[in-house]
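Take any residue in the sequence shown, note its place counting from 1, add 383, and you have its number in the numbering used here.
Heads up, the beta-carbon is just placed ideally off N, CA and C, and yes, glycines get one too.
Being a predicted model, the structure only gives us computed values, none of them experimental.
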Amino acid sequence: MSVTGKSSGGGGRKNPRLHQKVKTARGRKTSSTKWLQRQLNDPYVQKARAKGYRSRAAFKIAELDDKFKFFRNNMAVVDLGAAPGGWSQVAVERCKGNSTVIALDLLQIDAIAGVTLLEMDFMDDDAPEQLCSHLPEGKADIVISDMAPNTSGTPSVDHLRIMGLVEAAAEFACEILKPNGSFVCKVWQGGADRDTLRALQKRFTKVRHAKPPSSRKDSAETFLVATGFKG
Ligand SMILES: C[S@@+](CC[C@H](N)C(=O)[O-])C[C@H]1O[C@@H](n2cnc3c(N)ncnc32)[C@H](O)[C@@H]1O
């Protein structure tokens, strides 16, 4: 794992005997063939299937928790951008006892034991209220966000959308976290925008960027891990 945003690689070395090649079928675009080939040969996709996780993304939050130890028993967890549910599955596994997990996404999520599901846009005005109404005393111990907007193809528009989600998630976390709570959020490229980062540094004891091994080397994503909410 690289901390402060540097890539550390990962994904494992290719075994030539196991590596599968996909022929380009008539009608299938080269990009889809490449995507399919990468999926078939990705050890994390195979591991996710074997462990019953709904996404390879599950390993990203598991690896971040292995490093930063933010999940504990008896926690109230909010998972933003949760579909299809890999991060929530890991949260349920690692937060035992009297824990609550609320998962929100624009998309429908199939039921996960121990998780309350909300199908809505986090940017809707009433999303914070809806989330709070499902939390014990309206407060959370941790907010995790893997939200990623659909790309428009225009980099400047995509950048604004991404930063808008990060900023909104950070503001929400600062409103509903209990003292000593944590905020874990997917960000891109250089990390969170300077103002958001500065605001978080004031409100949390520690703010770090980390790229877990399961995050693809060629992906611009990185994760912000803020711990020790000061209230
Ligand atoms: C990378 S996926 C999340 C994967 C998930 N963490 C997992 O482990 O299965 C990103 C998700 O963010 C959701 N998303 C993007 N914008 C959103 C918004 N405004 N409100 C709620 N969800 C949003 C997308 O619908 C998508 O399901």
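Gly480 beta carbon less than 8 angstroms from that of Met530: The answer is no: Cβ separation not under 8 angstroms.
Ser438 versus Phe566: straight-line alpha-carbon distance, rounded: CA-CA distance, Ser438 to Phe566, rounds to 21 angstroms.
Met530 CB to nearest heavy atom of ligand 1 below 7 angstroms: Checking the Cβ of Met530 against ligand 1 gives yes.
The stretch 487–498 contacting the stretch 419–434, beta-carbon criterion three pairs below 8 angstroms: As far as the Cβ criterion goes, the stretch 487–498 does not touch the stretch 419–434, which means the pair count is below three.
Rounded separation between Val590 and Arg432 - CA only: Looking at the two C-alpha atoms, the distance is approximately 32 angstroms.
Span of the alpha helix (DSSP H) around Ile444: Membership of Ile444 in the alpha helix (DSSP H) is indicated by the continuous run Ala441 to Phe451.
contact_flag[the stretch 536–545, the stretch 512–522] where n(CB pairs < 8 angstroms) is 3 or more: Remark: fewer than three beta-carbon pairs, one from each stretch, lie closer than 8 angstroms, so the stretch 536–545 and the stretch 512–522 are not flagged as touching.
Straight-line Cα distance separating Leu500 from Ala445: Answer to the nearest angstrom: the Cα atoms are 20 angstroms apart.
Nearest-angstrom Cα separation, counted from Pro562 out to Gly388: Reliability of the predicted coordinates at Gly388 is poor, the pLDDT of 33 falling under 50, and the value obtained from them is presented with this limitation in mind. Cα-Cα distance, rounded: 26 angstroms.
Chain-order list of residues whose beta-carbon lies under 6 angstroms from that of Lys613 (same chain, five-residue window excluded): If you ignore the 5 residues before and after Lys613, its C-beta comes within less than 6 angstroms of the C-beta of Arg586, all in its own chain and listed in chain order.
Limits of the unbroken beta strand (DSSP E) element including Leu607: Start and end: Glu604 to Phe612.
Per DSSP, cross-strand counterpart(s) of Ala523: The bridge partners DSSP lists for Ala523 are Leu560.
The stretch 466–474 contacting the stretch 594–602, beta-carbon criterion three pairs below 8 angstroms: No: fewer than three Cβ pairs fall under 8 angstroms.
Every unbroken alpha helix (DSSP H) inside the stretch 473–559 [4 residues or more]: DSSP runs (the alpha helix (DSSP H)) wholly in the stretch 473–559: 510–516 and 538–559.
Neighbour-count burial assignment, Thr534, 16 or more Cβ in a 10 Å radius: Here Thr534 is exposed. Its C-beta has fewer than 16 other C-beta atoms within 10 Å.
8 angstroms contact criterion, which Glu502 and Gln491 should meet: CB distance rounded: Yes, they are in contact, since the Cβ atoms of Glu502 and Gln491 sit about 5 angstroms apart, within 8 angstroms.
Limits of the unbroken beta strand (DSSP E) element including Asp462: Annotation: the continuous beta strand (DSSP E) that includes Asp462 extends over Ala459 to Leu463.
Whole-Å CB distance - Ser528 paired with Cys568, under 8 angstroms assumed: Correct: roughly 4 angstroms between the Cβ atoms.
Lys452 versus Gly435: straight-line alpha-carbon distance, rounded: Roughly 23 angstroms separates the two Cα atoms.
Own chain residues within Cβ distance below 8 angstroms of Gln572, not counting five before or after: Correct list, in chain order: Ala603 and Thr605.
Beta-carbon proximity list for Gln584, same chain, < 8 angstroms, skipping 5 on both sides: Non-local beta-carbon contacts of Gln584 in its own chain, meaning distances under 8 angstroms to residues more than five positions away in sequence, involve Val590 in chain order.
Closest Cα partner of Leu560 within the set Met506, Lys450, Ile525 and Asp462: Distance check between Leu560 and each of Met506, Lys450, Ile525 and Asp462 places Ile525 closest, using alpha-carbon atoms only.
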